Amino acid sequence: MVGVFSGLIVGVACTAFLILSNRDPYGGWNAGFLALCLNSVVAALVSLLSPIKAGVIAEDLSASAPGNS
Amino acid sequence: MRRPSFGAISLALIPFLAMCFSVSAWDRVHPMILGLPFNLFWLLSWIVLTSVCMWGVYRLEAPQIAKAEGRRENAGRAQ
Amino acid sequence: MSPTAIALAIIFFIVALGSAIGFYAGTRHRMSLEQWTVGSRGFGSLLMWLLMAGEIYTTFSFLGASGWAYSRGGPALYILAYLPLSYVVSFFISPLVWELGREHGLQTQPDFFLVRYRSKYLMAFVALVGVAFMIPYLQIQLTGLGIIVEVASFGGIGRTRAMILGVVLLAGFVFVSGIRAVAWVSVLKDFLMVFAAVSIGIYVPHFFFGGIRPMFAELARAKPAHLVMPGATNNLGHTWYVSTVLLTSLGAFMWPHAFGATFTARSANVLRRNSVVMPLYNITLAFIFFIGFTAFLVIPGLTNGDLSLLMLVRQTLPPWMLGVVGGAGALTAMVPASILILTASTLFAKNLYRPVFAPTMTDDQVARLARIMVVALSLVCLYFAIYSSTTLVSLLLLGYAGVTQFSPASSWAFFGSASRWSEFSAA
């Protein structure tokens, strides 16, 4: 959860910054696409770097699995 | 989750290769086909071929989908 | 009757007919929140197809695509590529979303994030971002409505007044009808839209050049650079094309309304079959490109490319046809706008306001707040539509850039933890 949440925040912030400051396209790339890449990288890194939270994700998922709810 | 089969994924990647990644190979005016610039003709053909590919994917996936749905129904009855 | 009166009368008639269908379809069902937003999950292939198709042909494809073919040239081709590719993506994801939606009685995209990630703050954030980036998409539809009435009235009715009129109609329509009504109105809308696109796309090049082939031959002779990327721009080359097509095809399904539309389907297989057929529906876009390219040759110099289609129609076709095209265009703005506004107001009330600020609200109160939000959001979009001057395509790309940020979280929800999923599908 923490991983995808951080990724999402970074992605949205990056999109807003690049587009609102008229930097789209940025270096020939679509600004939203660059933000998406950053978003994925941050999501993956944060998920990997927070092992305790990763445990929580597994728990969260089992709690939300249809059989248990 | 039952992951889509390798065949289905590869078939689904074909439209992406044809319409997206290969752009520098087909983005030109000549040869004009049926009176259309080459890039326009190429994309229009691939709109049709995308449907064909997805039909193939559907055929490949259909047996497993049917199986999974049958299993879920059985599980529902067991409860 | 003057040409203006004929054109406006026909536009008005078409819009009234569309609204009548909507009111009729809407009043036959009692409106709980679920009925209003997901039509009680009873949509079979036909209605589902209509709803999905209703989301493809928006004012964006009608005026925006021809506008970019006119003003930018080659880079506009991305529009032909991303829609078919977005169905390739949704073939794999939408059945999974539907499945989870049925198990948990989900109505909206943030609902999905709540059951998958168990965080009401993530849900509220998704709702906030969703609403924020739907505003430019809504703004496209309002601006489109304004352009149509402005051109059809030969400038007699200003764009601002036209947009205010459009907003009133739109809010009233959404207020009483709900998602089922919108799906039925899109039948009329798509019929008119395809008729208008194909007939102008064939007629106009024929009128000026004797056919589509000679039109392109002339364009390839006079301005070959306009037909390929980067066209009339200096920074929309192949790198931009690939990154934009990837972004938009991944993002098409991340629009809160498209995501939410899957919950209206009767079964997951309806969605899969849709994804197989829907790419074909984009063929009509070709005719819209023909119109934009013809306009580039015969009426160069418009400051706003988005006007090109209608200006060309006004010059070459009788007023009644301008009326039909304008009416089709007006519905093409209103149907998607209704879907957008319905989704955005539900998101705000149900997934943002209630969980964060007022956890004790009842469902009825949420439904009431959602209706108030219809009015509030309409006004916000009206404000932006009046005071901004970006092209329709740029607005759409802004929206896509925002909503596509949901895609890592959505794919992770399914593919991130395979072991959980084997249990899920066995359950």
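Chains as they are written, first to last, in our numbering: chain A, 1 to 69; chain B, 1 to 79; chain C, 1 to 427. Built from N, CA and C at the ideal position, the CB exists for glycine as well. Computed from a prediction, not measured in an experiment: that's the story for all the values here.
Contact check, residue i vs residue j, beta carbons under 8 Å
i, j, result
"Val46(A)", "Gln405(C)", "no"
"Gly7(A)", "Trp240(C)", "no"
"Val375(C)", "Phe259(C)", "no"
"Pro75(C)", "Gly251(C)", "no"
"Ala220(C)", "Ser66(C)", "no"
"Gln109(C)", "Pro256(C)", "yes"
"Val276(C)", "Ser51(B)", "yes"
"Ile14(C)", "Leu331(C)", "yes"
For residue j and residue i, the rounded distance between their alpha carbons
i, j, result
"Thr143(C)", "Leu60(B)", "44 Å"
"Tyr24(C)", "Ala16(C)", "12 Å"
"Pro31(B)", "Leu40(B)", "11 Å"
"Ser308(C)", "Phe62(C)", "11 Å"
"Trp55(B)", "Gly301(C)", "44 Å"
"Ser45(B)", "Val245(C)", "17 Å"
"Ala81(B)", "Gln107(C)", "The structure shown does not extend to residue 81(B), since chain B is modelled only from 1 to 79, so the question has no answer here."
"Val168(C)", "Gly146(C)", "13 Å"
"Gly326(C)", "Gly18(C)", "13 Å"
"Ser69(A)", "Leu80(C)", "Bear in mind that the predicted position of Ser69(A) carries a pLDDT of just 33, short of 50, making it unreliable; the figure below should be weighed with that in mind. One C-alpha to the other measures close to 43 Å."
"Leu170(C)", "Asp111(C)", "26 Å"
"Gly7(B)", "Ala197(C)", "37 Å"
"Lys120(C)", "Ser249(C)", "28 Å"
"Ile47(B)", "Ile283(C)", "7 Å"
"Tyr137(C)", "Phe253(C)", "14 Å"
"Phe16(B)", "Thr360(C)", "47 Å"
"Glu218(C)", "Leu77(C)", "19 Å"
"Asp306(C)", "Ala68(B)", "48 Å"
"Gln79(B)", "Glu103(C)", "Note that Gln79(B) scores a pLDDT of 44, beneath 50, so its modelled location is shaky; the value from the coordinates is reported in the next line. Between Gln79(B) and Glu103(C), the C-alpha separation is close to 15 Å."
"Val29(B)", "Ala124(C)", "48 Å"
"Ser40(A)", "Cys20(B)", "21 Å"
"Val126(C)", "Trp184(C)", "29 Å"
"Tyr26(A)", "Ala225(C)", "23 Å"
From the options, residue whose alpha carbon lies closest to that of residue i
i, options, result
"Asp27(B)", "Gly73(C), Phe112(C), Ala25(C) and Leu51(C)", "Gly73(C)"
"Leu165(C)", "Val356(C), Phe92(C), Phe12(C) and Arg368(C)", "Phe12(C)"
"Val403(C)", "Gly3(A), Thr15(A) and Phe5(A)", "Thr15(A)"
"Val174(C)", "Val194(C), Tyr353(C), Thr343(C) and Arg221(C)", "Thr343(C)"
"Tyr203(C)", "Ala225(C), Met321(C) and Trp68(C)", "Met321(C)"
"Ile341(C)", "Ala385(C), Met134(C), Arg266(C) and Ala76(C)", "Met134(C)"
"Leu382(C)", "Trp68(C), Ala162(C) and Val298(C)", "Ala162(C)"
"Leu51(C)", "Met215(C), Ala265(C), Gly130(C) and Phe289(C)", "Ala265(C)"
"Lys223(C)", "Ile47(B), Pro37(B) and Val57(B)", "Pro37(B)"
"Leu128(C)", "Ser407(C), Leu347(C), Ala409(C) and Phe384(C)", "Leu347(C)"
"Met215(C)", "Glu99(C), Tyr82(C), Thr233(C) and Phe287(C)", "Phe287(C)"
"Trp68(C)", "Ser199(C), Ala337(C) and Leu236(C)", "Leu236(C)"
"Ser378(C)", "Ile283(C), Ala337(C), Pro205(C) and Tyr281(C)", "Ala337(C)"
"Cys37(A)", "Leu247(C), Ile372(C) and Val276(C)", "Leu247(C)"
"Leu100(C)", "Gly201(C), Phe91(C) and Thr262(C)", "Thr262(C)"
"Leu8(C)", "Ser394(C), Gly156(C) and Tyr387(C)", "Gly156(C)"
"Arg371(C)", "Met123(C), Gly201(C) and Ala349(C)", "Ala349(C)"
"Gly22(C)", "Thr233(C), Leu122(C) and Val182(C)", "Val182(C)"
"Val242(C)", "Val42(A), Ala43(A), Phe33(A) and Asn39(A)", "Phe33(A)"
"Leu11(B)", "Leu49(B), Leu43(B) and Pro63(B)", "Leu49(B)"
"Asn269(C)", "Gly158(C), Trp412(C), Ile93(C) and Phe113(C)", "Ile93(C)"
"Ile14(B)", "Ile65(B), Trp42(B) and Cys53(B)", "Cys53(B)"
Delimiting residues of the alpha helix (DSSP H) encompassing residue i
i, result
"Gln365(C)", "Asp363 to Tyr387"
"Trp98(C)", "Tyr78 to His104"
"Leu38(A)", "Ala31 to Leu49"
"Ile339(C)", "Pro319 to Thr346"
"Trp68(C)", "Ala65 to Ser71"
"Gln141(C)", "Lys120 to Ala152"
"Ala268(C)", "Ala268 to Val277"
"Val115(C)", "Gln109 to Tyr117"
"Phe287(C)", "Leu285 to Val298"
"Cys14(A)", "Val2 to Leu20"
"Leu398(C)", "Leu392 to Val403"
"Ala265(C)", "Neither: Ala265(C) is in no alpha helix (DSSP H) and is coded neither H nor E."
"Gly251(C)", "His238 to Gly251"
"Ile14(B)", "Phe6 to Phe16"
"Ile212(C)", "Ile212 to Ala222"
"Thr431(C)", "Residue 431(C) is absent from the structure shown; chain C starts at 1 and stops at 427."
"Ser2(C)", "Segment: none, Ser2(C) is in no alpha helix (DSSP H) and carries neither H nor E."
"Val23(B)", "Val23 to Trp26"
Any C-beta of chain E under 8 Å from that of residue i
i, result
"Leu49(A)", "The question asks about chain E, but that chain is absent: this structure's protein chains are A, B and C."
Does the contact criterion of 3 or more C-beta pairs under 8 Å hold for the stretch 189-199 of chain C versus the stretch 385-401 of chain C?
no
Decide if the stretch 148-162 of chain C is in contact with the stretch 307-317 of chain C; the criterion is three or more beta carbon pairs, one per stretch, under 8 Å apart.
yes
Counting beta carbon pairs with one atom in the stretch 360-372 of chain C and one in the stretch 210-222 of chain C, are three or more of them shorter than 8 Å?
No: fewer than three Cβ pairs fall under 8 Å.
Say whether the stretch 78-95 of chain C touches the stretch 317-334 of chain C, bearing in mind that this needs 3 or more beta-carbon pairs closer than 8 Å, one atom from each stretch.
Segments in contact, no.
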